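> In order, the protein sequences belong to chains A and B. Note that the first sequence covers residues 1 to 339 in full-length UniProt numbering. Note that the second sequence covers residues 1 to 339 in full-length UniProt numbering. Ideal Cβ positions, reconstructed from N, Cα and C, are used throughout, including at glycine. Since we're looking at a predicted model, the values are computed, not measured.
Protein chains: 2
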Amino acid sequence: MSSNLKRIGLQTVELKSYPKIISTYSVVGPKEGDGPLKNYFDKILCDDCNGQESFEKAESSMMITAIEEVIRKSNLEERQIDYLFGGDLLNQLTSTNFVAREFKIPFFGLYGACSTMAESLSLASMIVDGDFAKYAIATTSSHFSTAERQFRFPLEYGSQRKIQSQWTVTGSGAMLLGKTGNFPYVTHVTTGIVKDYGIKDADNMGAAMAPAAVDTLYKHFKDTGRTAKDYDVIATGDLGTIGRTLTEDLMLEYGYDINGHYIDCGEKIFDNERQKTNSGGSGCGCSAVVSCGYLYKELLRKNFKRVLLISTGALMSPTSSLQGESIPGIAHAVAIEFK
Amino acid sequence: MSSNLKRIGLQTVELKSYPKIISTYSVVGPKEGDGPLKNYFDKILCDDCNGQESFEKAESSMMITAIEEVIRKSNLEERQIDYLFGGDLLNQLTSTNFVAREFKIPFFGLYGACSTMAESLSLASMIVDGDFAKYAIATTSSHFSTAERQFRFPLEYGSQRKIQSQWTVTGSGAMLLGKTGNFPYVTHVTTGIVKDYGIKDADNMGAAMAPAAVDTLYKHFKDTGRTAKDYDVIATGDLGTIGRTLTEDLMLEYGYDINGHYIDCGEKIFDNERQKTNSGGSGCGCSAVVSCGYLYKELLRKNFKRVLLISTGALMSPTSSLQGESIPGIAHAVAIEFK
Numbered sequence: 001m002s003s004n005l006k007r008i009g010l011q012t013v014e015l016k017s018y019p020k021i022i023s024t025y026s027v028v029g030p031k032e033g034d035g036p037l038k039n040y041f042d043k044i045l046c047d048d049c050n051g052q053e054s055f056e057k058a059e060s061s062m063m064i065t066a067i068e069e070v071i072r073k074s075n076l077e078e079r080q081i082d083y084l085f086g087g088d089l090l091n092q093l094t095s096t097n098f099v100a101r102e103f104k105i106p107f108f109g110l111y112g113a114c115s116t117m118a119e120s121l122s123l124a125s126m127i128v129d130g131d132f133a134k135y136a137i138a139t140t141s142s143h144f145s146t147a148e149r150q151f152r153f154p155l156e157y158g159s160q161r162k163i164q165s166q167w168t169v170t171g172s173g174a175m176l177l178g179k180t181g182n183f184p185y186v187t188h189v190t191t192g193i194v195k196d197y198g199i200k201d202a203d204n205m206g207a208a209m210a211p212a213a214v215d216t217l218y219k220h221f222k223d224t225g226r227t228a229k230d231y232d233v234i235a236t237g238d239l240g241t242i243g244r245t246l247t248e249d250l251m252l253e254y255g256y257d258i259n260g261h262y263i264d265c266g267e268k269i270f271d272n273e274r275q276k277t278n279s280g281g282s283g284c285g286c287s288a289v290v291s292c293g294y295l296y297k298e299l300l301r302k303n304f305k306r307v308l309l310i311s312t313g314a315l316m317s318p319t320s321s322l323q324g325e326s327i328p329g330i331a332h333a334v335a336i337e338f339k
Numbered sequence: 001m002s003s004n005l006k007r008i009g010l011q012t013v014e015l016k017s018y019p020k021i022i023s024t025y026s027v028v029g030p031k032e033g034d035g036p037l038k039n040y041f042d043k044i045l046c047d048d049c050n051g052q053e054s055f056e057k058a059e060s061s062m063m064i065t066a067i068e069e070v071i072r073k074s075n076l077e078e079r080q081i082d083y084l085f086g087g088d089l090l091n092q093l094t095s096t097n098f099v100a101r102e103f104k105i106p107f108f109g110l111y112g113a114c115s116t117m118a119e120s121l122s123l124a125s126m127i128v129d130g131d132f133a134k135y136a137i138a139t140t141s142s143h144f145s146t147a148e149r150q151f152r153f154p155l156e157y158g159s160q161r162k163i164q165s166q167w168t169v170t171g172s173g174a175m176l177l178g179k180t181g182n183f184p185y186v187t188h189v190t191t192g193i194v195k196d197y198g199i200k201d202a203d204n205m206g207a208a209m210a211p212a213a214v215d216t217l218y219k220h221f222k223d224t225g226r227t228a229k230d231y232d233v234i235a236t237g238d239l240g241t242i243g244r245t246l247t248e249d250l251m252l253e254y255g256y257d258i259n260g261h262y263i264d265c266g267e268k269i270f271d272n273e274r275q276k277t278n279s280g281g282s283g284c285g286c287s288a289v290v291s292c293g294y295l296y297k298e299l300l301r302k303n304f305k306r307v308l309l310i311s312t313g314a315l316m317s318p319t320s321s322l323q324g325e326s327i328p329g330i331a332h333a334v335a336i337e338f339k
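Below, the structure written as structure tokens:
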């Protein structure tokens, strides 16, 4: 029996059937659509309210579009989708729950802060690989204005941003997974454990999350026997410039040089200098749209043959921060190939 | 390939290996420990602060106990557990994330409001059945005092409770699943879709969630060909008295008489009259401790041979309620046998 176990090493599973990512869809706000990756997104909103009466509804409307369009692009119908895995940053998953209401798809709500895209992709991949589903969707969203008022201050306060601050991405991405077809496919899932090195500054989430990213990447290397050279791109999301630098340094201490193979979704999505986004983007929409846009499309074009997506989450809450707690972090990794 | 699919009907999978629930552990507060199910719980706190400096930390401490003890009762060690699936009601899963920090177990955070126990058990069962894990833990918690101040009012306001109100259970339950052994086992998982019949009264969550419970139970019956007679107990959690009555009536309209086979965890855990809990218990700790305590122990004693746990969640947030939104509901069902 144990011989069937797909588990390798400490935290990784190697999928048997290599679930296929049949299609992806990404929708972003105007600021993201003005950034360096603008040509990779399927839809750029001209107004981040998207015609809705609240920012929360605008965030939901982006995710609804992402799900509808990823089903349409896959030439499938809603009733063929066996599971929807999704989440967002809002209390009680407000955005995603109100999205799920619009679909008749069995739904699992997830919360992993900005790690949620890799969390939903991990679970969707395993559920398809385990023959529980023929088709499953993984999706997340975030919105600058819903996140600011929930985690920081109402926008009207015009609070100043620290140099380490990250800018929550307005966007939603969805991936549709299936069992067959000639598409990029998921080979490995490395699930993270929670790491907490005692950082308490909620304006410096990159530093809080970097140890989790390093831990998961290190475990992935150990479990699979791979190194950075085996990947065209290792993409964390979202550590920003500070967290990305920390991650490179820490990985060197662990004996792995990832330089030249490593990017961070949060650093990649904005031109920090021109767009004044300080340390870069964040939010679980960030690694969603960068993976659904940039990574997936470069895989399709065969410019990348193998990528590792490591979405990272800072698991504090405003309550825990007020109570003086430090910020636990988590990171989940998913290896995607197309050869 | 499709012939291997474990999916039957619209929303159900039949597990191949029938993952075993090796052990469970439940810990509750003093009020729950004074209720009709008191003899089924593994641990009853004499103080709902549990020696901690905040209610949030008290909630986490219960879940830590539940996880530690369920591992110990299974004669396993922490390093043998492949995945931890868990969630709670707090913003950003504060309780669960700070619990996960204490363990070196790969962690998936879930949010399904009070449906989270069945959600975590569903995913843990599938992950074990799909050979991704040898051992996995499903856990949730809730705490009256953390939930009151987050969803309603600070306790100090002494707000009056409506007759339809439910009392959030202080408690945490954990189940440890494995591949082998002579233990109660999971046979079917029916995953819910989100239902919203337009109810806006956040004090009447039973009525908001009943349509979701009815939908999932109806789909489970259709998908499996079973009826209420096939179950010793069908246990929703947590609709309370009002939601339980609605569910019975609605099921009759669908042509299924569930009377005599049907209980609600929220109605069962308190003596509403004596304990002044109005419509009954709620919170994702409720169906957790009732299933880990009452249902599991009666299965072990062979008083029950087959039970269906249907945890139900009200997916509103304080923000969505203030914005005038109605309350979407979801329910997940897990069939457990021991013959």
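If you measure beta-carbon to beta-carbon, which residues of the stretch 115-139 of chain B are closer than 9 Å to chain E?
No chain E is present in this structure, whose protein chains are A and B.
> Check this for me: beta carbons of B:A113 and B:F107, under 8 Å apart or not?
Cβ distance not < 8 Å, so B:A113 and B:F107 don't count as in contact.
> Which residues, in order along the stretch 31-64 of chain B, keep a beta-carbon less than 9 Å from a beta-carbon of chain A?
For the stretch 31-64 of chain B, which is checked against every Cβ of chain A, the residues closer than 9 Å are E53, S54, E56, K57.
> Taking C-beta to C-beta, are residue 342 of chain A and A:V334 nearer than 8 Å?
This structure does not reach residue 342 of chain A, given that chain A is present from 1 up to 339, and the question cannot be answered.
> Quick check: B:M316 and A:Q92, are their CB atoms within less than 8 Å of each other?
For B:M316 and A:Q92, yes; Cβs fall inside 8 Å.
> Any idea if B:R274 is buried or exposed, counting beta-carbon neighbours within 10 angstroms, 16 or more meaning buried?
Answer is exposed; the Cβ neighbour count stays below 16.
> Which term fits A:F153, buried or exposed, when burial requires 16 or more other beta carbons within 10 angstroms of its beta carbon?
A:F153 comes out exposed.
> For A:P30, count neighbouring Cβ atoms within 10 angstroms of its own Cβ and tell me buried if that reaches 16, exposed if not.
Result: exposed.
> Using 10 angstroms around the beta-carbon of B:I199, count the other beta-carbons present and answer buried if the total reaches 16, otherwise exposed.
Label assigned to B:I199: buried.
> Is any beta-carbon of chain A found at less than 8 Å from that of B:V186?
Output row for B:V186: interface = no.
> Applying a beta-carbon distance threshold of less than 7 Å, which residues of chain B neighbour A:K6?
Near A:K6 (Cβ distances below 7 Å), the residues of chain B are D131, F132.
> Unbroken alpha helix (DSSP H) runs of length 4 or more, entirely within the stretch 30-103 of chain A: which are they?
The qualifying runs are 55-73, 94-100.
> Just the C-alpha distance for A:P328 and A:D232, rounded to the nearest angstrom, thanks.
Approximately 29 Å between the Cα atoms of the pair.
> If we require 3 or more residues per run, which beta strand (DSSP E) segments fall completely within the stretch 221-272 of chain B?
Counting whole runs of 3 or more residues, the stretch 221-272 of chain B contains the beta strand (DSSP E) stretches 233-237, 262-264.
> Using the beta-carbon of each residue, which ones in chain A are nearer than 8 Å to B:Y111?
Per Cβ cutoff of 8 Å: G87, Q92, L93, G109, L110, Y111.
> Please name the residues in the stretch 205-217 of chain B whose beta-carbon is closer than 8 Å to at least one beta-carbon of chain A, in chain order.
The stretch 205-217 of chain B vs chain A, Cβ under 8 Å: nothing.
> Who are the Cβ neighbours of A:S60 in its own chain at under 6 Å, not counting the five residues just before and after it?
Closer than 6 Å at the Cβ level, and outside the excluded window around A:S60, lie S95, F98, V99.
> Please classify A:Y197: is it buried, with 16 or more other beta-carbons within 10 angstroms of its beta-carbon, or exposed?
Classification of A:Y197: exposed, given that the 10 Å Cβ count is below 16.
> Just list the residues that DSSP pairs B:V214 with in beta bridges.
Beta-bridge pairing links B:V214 to no other residue.
> Of all the CB atoms in chain A, is at least one closer than 8 Å to the CB of B:K104?
For B:K104, the answer is yes, since a Cβ of chain A falls inside 8 Å of its Cβ.
> May I ask you to report which of helix, strand or coil DSSP gives B:T312?
Correct three-state label for B:T312: strand.
> Grouping DSSP H, G and I as helix and E and B as strand, with all else coil, what is A:I137?
Looking at A:I137 - three-state DSSP - the assignment turns out to be strand.
> So which of A:T65, A:S17, A:G87 has the shortest CA-CA distance to A:E78?
Of the listed residues, the one whose Cα sits closest to A:E78 is A:T65.
> Give the interface partners of B:K155 over in chain A, defined as CB-CB distance under 9 Å, in chain order.
Before going on, a small fix: residue 155 of chain B reads as Leu here, not Lys. What B:L155 touches in chain A: nothing, since even the nearest Cβ is about 15 Å away.
> Once you ignore the five residues that flank B:K43 on each side, which residues in its own chain have a CB closer than 7 Å to its CB?
So the qualifying residues of the chain are V27, T65.
> Which word fits B:T12, buried or exposed, when buried means at least 16 other C-beta atoms lie within 10 angstroms of its C-beta?
Buried.
> So is B:D215 buried or exposed if we call it buried at 16+ other beta carbons inside 10 Å?
With 16 or more other Cβ atoms within 10 Å, it is buried.
> Would you call the CB atoms of B:S115 and B:A331 closer than 8 Å?
Cβ atoms of B:S115 and B:A331: closer than 8 Å.
> Run through the DSSP bridge pairs and tell me what B:T190 is partnered with.
BP columns for B:T190 point to B:T12, B:A333.
> Tell me whether A:N272 is buried or exposed, calling it buried when 16 or more other Cβ atoms sit within 10 Å of its Cβ.
So A:N272 ends up on the buried side.
> Can you tell me whether A:L322 is buried or exposed? The criterion is at least 16 other CB atoms within 10 Å of its CB, across all chains shown.
It counts as exposed.
> Since A:V13 meets chain B, which of its residues come closer than 7 Å, beta carbon to beta carbon?
Near A:V13 (Cβ distances below 7 Å), the residues of chain B are F132.
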